[in-house]
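Chains A and B, in that order, are what the protein sequence lines are. Using UniProt numbering, count along the first sequence one by one with no gaps and you end on 218. Using UniProt numbering, count along the second sequence one by one with no gaps and you end on 704. Just so you know, even glycine gets a beta-carbon here, dropped at the ideal spot from N, CA and C.
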Amino acid sequence: MATTPRSGGAGSGTAQRPNGTSQNKSCQFKLVLLGESAVGKSSLVLRFVKGQFHEYQESTIGAAFLTQTICIEDTVVKFEIWDTAGQERYHSLAPMYYRGAQAAIVVYDIQNQDSFQRAKTWVKELHKQASPNIVIALAGNKADLSNIRVVEFDEAKQYAEENGLLFMETSAKTGMNVNDIFLAIAKKLPKNDGANNQGGSIRPNGNETNRPTNNCCK
Amino acid sequence: MATAARPPSLRLGQQDLKCRRGCGYYGTPQNDGLCSKCFRDRNDKQRKMLKAGDMQPIIGGSSHGPASFSAGGTLERRSPQHFLVRDTPKKQVDKEPDTTSMLQKKKFTAVLQKTLQAGAQKIAQQRGYVPDPTESQFVKQLQKLRIPDDGKRKLKSEIQRLDNEIRKYMNSHSSKNIDELSDTVQNTYTKVADIVHNDPRFEIATNEDRESAIDFFEKVVMTQNHKFLFSPYFTTDEESDMMVQKRIRQLSWITSKHLDCSIDEVNAEARDLVYNAISELVGIDSYYSPQEKLQCTVRCCRHIFDLLKRATGGPASADDFLPALIFVVLKANPVRLHSNINFVTRFTNASRVMSGEGGYYFTNLCSAIAFIENLNGESLGISKEEFDALMQPDAGLQSFSSPWESALMACESLHLISENMKQMEKLQRKNADISSGIASFEKELIEFQREVTERVDTVMAKAPLTLLPIKTPAFLIGQARSQLLQDMHEGEAGHYQANVLSGSQSLTVHSGMVKTAVAAEESGLALKDTSISSIGRLSPLPNLQQPDNLFASPIFNYAAFDAVSLLEEPSSGGCVDVLMLGAELQGGLTNINYDFDLSDQSGENSTAEESKLNLDEFDPLAQPQPQPCGAPAAVEPETSLINTTTDSLIDSDVPGTCVSLPSPLKPEVANYRGFSNFEIPSISCNTGDFSSLGHDVGTTEKPK
């Protein structure tokens with residue numbers, strides 16, 4: 001699958017539209033990264049977006065907000081990846097980030113049982129508070145260190161199946177499953193020609209009456 | 001205006017900033033010192049009054065009716081805008097220019113007047129019409145948009161429609177709900193987006209141009225309605241602003257350590273970047289449109305990423321970023337934080353805050369504010385007790401526990417120290433300059449002193465006050481004596497004696513009397529003769545000398561000088577001879593010391609010695625002295641002298657006999673000794689001593 005990296009740049013508010021020449025559909029998705037701090041959220045994104053691990057380009061200012069465009073079949077999918085602060089103290093702020101998100105990757109560290117437990121709480125919260133048809137993926141990161149793993153693959157796999165999550169063990173270091181998990185999400189996301197129904201009041205502290213149900217654009 | 005009523009003072013108190021109605025909120029000068037709520041209430045009242053009154057002059061725009069002037073400063077200020085509203089072609093599109101909408105328009109355009117100075121407003125009043133810079137700017141921007149003209153027209157009409165809708169809503173008397181308004185605006189955005197994307201009029205436009213058209217739509221409407229939509233009076237935005245501001249002030253003790261963020265507070269470079277971020281964050285308030293506010297937020301966050309990249313060495317993740325942003329917000333304590341946040345969330349395209357970089361950073365900012373508002377000890381990793389203690393007012397002030405504060409303090413102090421050091425260095429340099437100047441001045445002084453003394457010495461050496469014996473060539477002395485004698489014999493010696501007499505007479509009549517008496521004793525007839533002859537013959541001399549003699553003795557000396565100078569010049573007349581003699585006499589008199597001695601000696605009556613001395617060292621004047629002294633023995637040497645110099649006497653007889661002719665030898669004599677002796681020392685010394693001499697003579701004579 002050909003990925004066309006396109007990083008940085010602020011994603012425009014509305015979706016890209018075909019310019020008449022290309023018949024490809026174009027979708028933009030907001031993907032939020034959740035997980036305890038130091039599980040490798042941003043490493044995962046950097047690997048996906050830049051193909052980098054620990055060799056940062058000068059141009060990379062931050063890994064908190066990144067975009068990546070990939071092509072699936074005849075659809076151009078643009079991921080807008082929002083990183084969140086993983087520290088416990090900022091946990092309560094997470095809803096602001098995943099509001100309006102079409103996808104979420106909950107990351108945990110396979111060497112850290114606590115991070116897996118935190119991941120579970122994230123998933124629960126997403127089911128409860130995020131948009132109903134949000135695509136959630138569970139990523140057990142640092143799979144290259146599987147010899148000292150704490151969280152068993154099967155355990156996580158079983159949990160994912162129970163909760164209807166995509167699940168993969170990934171390694172930002174080796175690049176294992178990194179692109180795959182994003183592709184899997186892209187595939188699972190609805191790519192129908194929904195209208196621009198993103199319009200709705202979104203307030204940090206306001207009510208969440210208008211939840212975009214379908215953010216895919218023509 | 002609020003301040004104008006008060007006497008001017010140096011400090012602005014808290015009270016000066018508050019609303020004039022005393023509602024407790026802060027007022028702004030734009031609102032006549034009222035807070036936004038009171039200002040709007042008042043304006044509503046004024047509008048009602050206006051509505052009740054005669055509206056025609058304002059609507060027609062023909063003139064400033066009395067109503068518009070009496071309505072108060074704010075309305076008066078706005079009135080020029082009314083013309084703008086009328087004249088702008090854009091506004092002419094208005095289909096239903098009913099009174100309310102006109103007034104509303106007046107009001108909304110006043111928002112744009114923020115940029116205009118009061119002076120400019122006055123000018124606007126005078127001229128009646130001045131295009132609003134913002135308005136014309138928008139028109140220009142609209143023209144620049146690369147969309148079909150049909151699209152532009154459509155966009156324009158949409159802008160006006162939303163504009164009207166907003167102002168209608170704001171002026172309606174029903175209870176207002178900001179969410180309603182927000183929904184209206186958001187729906188319009190959706191509608192406009194739909195039009196731009198699907199309307200055939202926009203067909204040939206590119207995606208980018210469509211986006212910019214949508215952005216333009218939002219920007220125009222929001223900039224023009226900023227005044228109504230930003231922190232409206234029917235919301236609690238102001239209260240929230242106050243609360244969060246107070247809260248942040250209370251949390252001033254929070255450090256980067258508390259927040260677990262990697263900002264190095266002590267590092268100067270990091271501090272600079274923090275300041276950059278802070279200034280951007282504070283700058284959010286200064287923009288009108290939500291888009292610009294978002295862009296400002298993005299810039300602020302980029303600074304933070306820059307900062308974190310330096311601190312951590314790689315691209316920062318949200319784990320690092322959010323704490324850093326919270327830290328920056330805490331340190332910046334931006335004004336009207338909630339108002340700004342709410343304005344953006346309510347009135348920007350919802351998709352803008354939901355996605356995109358701006359949306360992400362804006363969400364982070366909202367998170368940071370939410371975190372700050374809900375902050376407790378647990379979220380900072382400290383115990384509740386500690387948190388409560390730190391939250392006490394002045395806790396942070398009493399002890400500079402936070403490294404940030406102490407760093408700032410230290411920075412300030414270091415700055416002060418360096419400033420002082422610089423000052424001290426300057427002072428030191430000045431001091432060194434002064435002391436070196438003093439030293440050089442001292443040296444100069446010494447040098448000057450030395451020079452002066454040297455010069456004085458050289459001058460002294462050149463013209464020493466040596467009382468050299470007057471060396472008179474023997475033949476001259478002989479000549480003189482012989483002449484004297486001859487004169488005496490010929491009855492012409494009287495000149496000389498007459499001179500002496502006249503000199504001494506003026507000084508002391510008594511002594512003169514004595515002298516005359518003595519002279520009479522000595523050579524009574526001759527003296528008388530001389531006196532007569534001198535008066536008869538030498539009329540100019542007494543005339544010349546007499547005024548001098550009348551005065552004090554110094555003048556007498558000057559006269560002597562004059563006499564010398566006269567002598568030098570080959571003066572005509574027989575008086576020269578006499579003058580010469582007078583000069584000699586006076587010169588002799590000037591040499592006080594030996595005059596004294598002489599008189600002493602004469603007093604001792606050692607005539608033999610005296611005569612010898614006279615010959616060798618003393619000038620012939622020594623002779624006259626003894627003569628007046630009246631020592632009878634003195635006559636004898638004279639005679640002997642005459643004897644010795646008889647040969648020369650004959651030669652000198654010529655001048656002696658023919659008095660009218662100047663003797664060629666005499667000037668030489670004067671030249672010879674005169675200058676060394678007369679020049680300097682003689683002046684002061686002579687006079688006093690001469691007078692004393694005269695006295696001496698007198699006193700010495702008296703007993704006799």
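Here the segment 22-36 of chain A does not lie against the segment 290-301 of chain B, with fewer than 3 beta-carbon pairs under 8 Å apart. Taking a contact as a CB-CB distance under 8 Å, the pair Ile159/B and Phe217/B counts as one, their CB atoms being some 6 Å apart.
In the three-state reduction of the DSSP assignment, Thr458/B falls in the helix class. In this chain, the alpha helix (DSSP H) harbouring Ser42/A covers Lys41 to Lys50. Assignment of Ile134/A by DSSP, reduced to helix, strand and coil, places it in the coil class.
With 16 or more other Cβ atoms inside 10 Å of its own Cβ, Thr84/A counts as buried.
The C-beta of Gln129/A comes no closer than 8 Å to any C-beta of chain B. In the three-state DSSP reduction, Asn374/B falls in the coil class, being neither helix nor strand. Checking the DSSP bridge columns, you'll see Ala316/B partnered with Gly62/A. Listed in chain order, the non-local C-beta contacts of Ser171/A below 6 Å within the same chain comprise Ala143 and Asp144, local neighbours out to five positions each way being set aside. The criterion of a C-beta distance shorter than 8 Å is not satisfied by Ala160/A and Ala130/A. When the alpha-carbon of Cys261/B is set against those of Ser37/A, Gln28/A, Lys25/A and Arg118/A, the nearest one is in Ser37/A.
Taking a Cβ-Cβ cut-off of 9 Å, the neighbours of Gln28/A in chain B comprise Ser355, given in sequence order. When CB distances to chain B are screened at a threshold of 8 Å, the residues of the segment 75-93 of chain A falling below it are Glu80, Trp82, Asp83, Thr84, Ala85, Gly86, Gln87, Arg89, Tyr90, Ser92 and Leu93, in chain order. When DSSP states are grouped into helix, strand and coil, Leu251/B belongs to the coil group. In this structure, the beta-carbon distance from Asp320/B to Leu337/B does not fall below 8 Å.
At least 8 Å separates the beta-carbon of Arg210/B from that of Val220/B.
The criterion of a C-beta distance shorter than 8 Å is not satisfied by Ile81/A and Glu169/A. The bridge partners DSSP lists for Leu416/B come to none. Comparing alpha-carbon positions, the option among Met243/B, Arg310/B and Phe228/B lying closest to Asn267/B turns out to be Arg310/B. When only Cα atoms are considered, Trp122/A and Phe371/B end up about 19 Å apart. CA-CA distance, Phe39/B to Pro95/A, rounds to 37 Å. No Cβ of chain A is located within less than 8 Å of the beta carbon of Leu145/B.
According to the DSSP assignment, Asp109/A belongs to the beta strand (DSSP E) that extends over Ala103 to Asp109. With 16 or more other Cβ atoms from the protein chains shown falling within 10 Å of its own Cβ, Ile185/A counts as buried.
The Cβ atoms of Leu390/B and Val344/B lie no closer than 8 Å to each other. Taking 8 Å as the cut-off, the Cβ atoms of Ala205/B and Gly151/B count as close.
For Ser212/B, the enclosing alpha helix (DSSP H) starts and ends at Asn207 to Gln224.
Scanning chain B for C-beta atoms nearer than 9 Å to the C-beta of Tyr97/A yields Ala318, Tyr360, Thr363, Asn364 and Ser367, reported in chain order. The beta-carbon of Arg201/B is placed no less than 8 Å from the nearest beta-carbon of chain A.
From the listed residues Asp388/B, Arg450/B, Leu484/B and Ser379/B, the smallest Cα separation to Ser92/A is found for Ser379/B. If only complete runs of 4 or more residues are kept, the UniProt domain "VPS9" (238-381) of chain B shows the alpha helix (DSSP H) at 268-283, 290-312, 318-332, 337-347, 350-354, 356-373 and 377-380, in order along the chain. Under the Cβ criterion (8 Å, minimum of three pairs), the segment 418-426 of chain B does not count as touching the segment 272-283 of chain B. Under the 8 Å criterion on CB atoms, Gly175/A is classed as non-interfacial with respect to chain B. For Lys41/A, a Cβ of chain B is located within less than 8 Å of the residue's own Cβ. Rounded to the nearest angstrom, the gap between the Cα atoms of Leu34/B and Arg21/B is 7 Å.
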